[in-house]
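Colleague: From first to last, the protein sequence lines are chains A and B.
Residue 5 is where the first sequence starts when you use this note's numbering, and the numbers rise one by one after that.
Residue 5 is where the second sequence starts when you use this note's numbering, and the numbers rise one by one after that.
The C-beta atom is built at its ideal place from N, Cα and C for all residues, glycine as well.
These figures come from a predicted structure and were not determined experimentally.
Take this structure, written in structure tokens, and hold onto it; I'll ask about it next.
Protein chains: 2
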Amino acid sequence: MSVDKIFEALSSAPRRRILAYLSKTDMTAGQIAERFADMMSQPAISKHLSVLENAGLVWREKRGQNVHYGLQEDALTGTLVHFLGEVCPRSRPYRKESKAAAMRKQKKGGET
Amino acid sequence: MSVDKIFEALSSAPRRRILAYLSKTDMTAGQIAERFADMMSQPAISKHLSVLENAGLVWREKRGQNVHYGLQEDALTGTLVHFLGEVCPRSRPYRKESKAAAMRKQKKGGET
DNA sequence: TGACTATATAACTCAGTAGTTATAAGTGTA
DNA sequence: TACACTTATAACTACTGAGTTATATAGTCA
């Protein structure tokens with residue numbers, strides 16, 4: 005789950021679209037391939053999925069004869085936020101505020 | 005300053021290192037090339053800088069015979085934060101479908 | 001102007017990536 | 001067992017990107 009692999013994985017527009025397609029729920033490889041059938045073949049999607057999985061951005065689970073894929077959201081958020089912190093000094097205050105807000109929220113009791 | 009260009013630019017480890025090197029202050033092309041001289045040539049750095057500039061991640065200013073480069077922090081933070089929020093900017097249609105699929109799944113009853 | 005410095009571009013090579021079609025491997029079912 | 005279905009892999013092609021060296025362009029100063 006290296007930063008290199010994550011940025012490499014994110015550099016492809018099709019892969020970012022796949023991530024978006026998984027943003028609300030997990031899907032089988034077949035469903036994903038079907039959705040993008042007008043853009044590329046099933047093996048191409050399979051390869052993209054394996055890149056995403058290898059980068060730690062999605063999880064993979066075999067259920068029967070299907071393979072489900074879903075977002076590994078923590079990896080994505082964690083890496084990008086960390087990267088922002090390293091490269092963008094200005095992002096530090098935002099992160100601080102975000103953390104503070106999170107604390108307040110937790111203290112209040114987790115509604116949402 | 006498209007998202008595609010930004011992610012493309014960020015996909016290169018050398019370019020991310022250049023961004024980090026600029027995180028505290030701007031530098032001339034020469035200073036940057038010098039810093040990375042053990043890794044690659046001056047023309048290579050020049051090309052990386054032009055990719056970064058083209059993506060809107062750094063600004064460029066000619067001062068005398070030097071060219072200064074510096075972080076365009078807002079672009080980086082803005083884009084990545086936005087990306088994180090939505091998982092992908094181009095994703096609206098995909099996200100809608102994803103959500104719809106999630107609803108259908110839920111309606112059916114969680115068999116899993 | 002001419003020499004010197006700083007940066008960008010040209011022309012090229014090489015490696016890696018993204019896509020293709022064909023096929024293999026694994027699973028469920030009659 | 002045999003067949004259908006789902007997903008992954010093999011083998012290949014074409015393109016792109018990153019690096020190289022050599023050279024052009026632009027600015028500074030004697």
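Output, in chain order, the set of chain B residues within a Cβ distance shorter than 7 Å of aspartate 8/A.
Modeller: Correct list: Ala17.
Colleague: Give the residues from the segment 37-62 of chain B that approach chain A closer than 9 Å (Cβ to any Cβ), ordered along the chain.
Modeller: Against chain A - using a Cβ distance shorter than 9 Å - the segment 37-62 of chain B contributes no residues.
Colleague: Alanine 13/A and leucine 75/A look like a contact to me (Cβ under 8 Å); what is the Cβ gap, rounded to whole Å?
Modeller: No, alanine 13/A and leucine 75/A are not in contact; Cβ-Cβ is about 13 Å, not under 8 Å.
Colleague: List in chain order: all unbroken beta strand (DSSP E) runs of 3+ residues lying wholly within the segment 29-79 of chain B.
Modeller: Within the segment 29-79 of chain B, the complete beta strand (DSSP E) runs of at least 3 residues are 62-67, 70-75.
Colleague: Kindly list the residues whose CB is nearer than 8 Å to the CB of isoleucine 49/A, restricted to its own chain and excluding five residues on each side of it in sequence; keep chain order.
Modeller: Counting only Cβ-Cβ distances below 8 Å, and skipping sequence neighbours, we find Ile22, Ala33, Ile36, Ala37, Phe40.
Colleague: Quick one: Cα of alanine 59/B to Cα of glutamate 65/B, how far?
Modeller: Going by the C-alpha atoms only, they are around 16 Å apart.
Colleague: In whole angstroms, give me the CA-to-CA distance for leucine 26/B and leucine 56/B.
Modeller: Distance between the alpha carbons of leucine 26/B and leucine 56/B: 12 Å.
Colleague: Run through DSSP, which three-state label would leucine 14/B get?
Modeller: Leucine 14/B falls in the helix class under three-state DSSP.
Colleague: Taking all protein chains shown into account, do 16 or more other C-beta atoms lie within 10 angstroms of the C-beta of glutamate 115/B, making it buried, or fewer, making it exposed?
Modeller: Residue placement at glutamate 115/B is poorly supported in this model, since its pLDDT is 37, which falls under 50; the coordinates are not used for a value here.
Colleague: Which whole-angstrom value is the C-beta distance of isoleucine 10/B and threonine 83/B, which I expect to be below 8 Å?
Modeller: At roughly 5 Å, the Cβ-Cβ gap stays under 8 Å, so isoleucine 10/B and threonine 83/B are in contact.
Colleague: For glutamate 65/A, decide whether its Cβ has a neighbour in chain B, counting only Cβ atoms nearer than 7 Å.
Modeller: Chain B, which has no Cβ nearer than 7 Å to the Cβ of glutamate 65/A, makes this no.
Colleague: Check this for me: beta carbons of aspartate 8/B and alanine 79/A, under 7 Å apart or not?
Modeller: Cβ distance not < 7 Å, so aspartate 8/B and alanine 79/A don't count as in contact.
Colleague: Which residues in the same chain as leucine 53/B place their Cβ atom closer than 8 Å to its Cβ, once the five residues preceding and following it in sequence are excluded?
Modeller: Taken in chain order, the residues that qualify are Ile22, Ala33, Ile36, Val62, Arg64, Tyr73.
Colleague: Please identify the residue among Ser15/A, Met43/A, Gln69/A whose C-alpha is closest to the C-alpha of arginine 20/B.
Modeller: Minimum Cα distance to arginine 20/B is reached at Ser15/A.
Colleague: Look up valine 23/B in the DSSP assignment and say whether it is helix, strand or coil.
Modeller: Note that residue 23/B is leucine in the sequence shown, not valine. Residue state, collapsed to three classes: helix.
Colleague: Whole angstroms is fine: what's the gap from glutamine 69/A's alpha carbon to glutamate 77/A's?
Modeller: So the alpha carbons of these two residues sit roughly 25 Å apart.
Colleague: Should lysine 28/B be labelled buried (16 or more other beta-carbon atoms within 10 Å of its own) or exposed?
Modeller: Lysine 28/B is exposed by the Cβ-count criterion.
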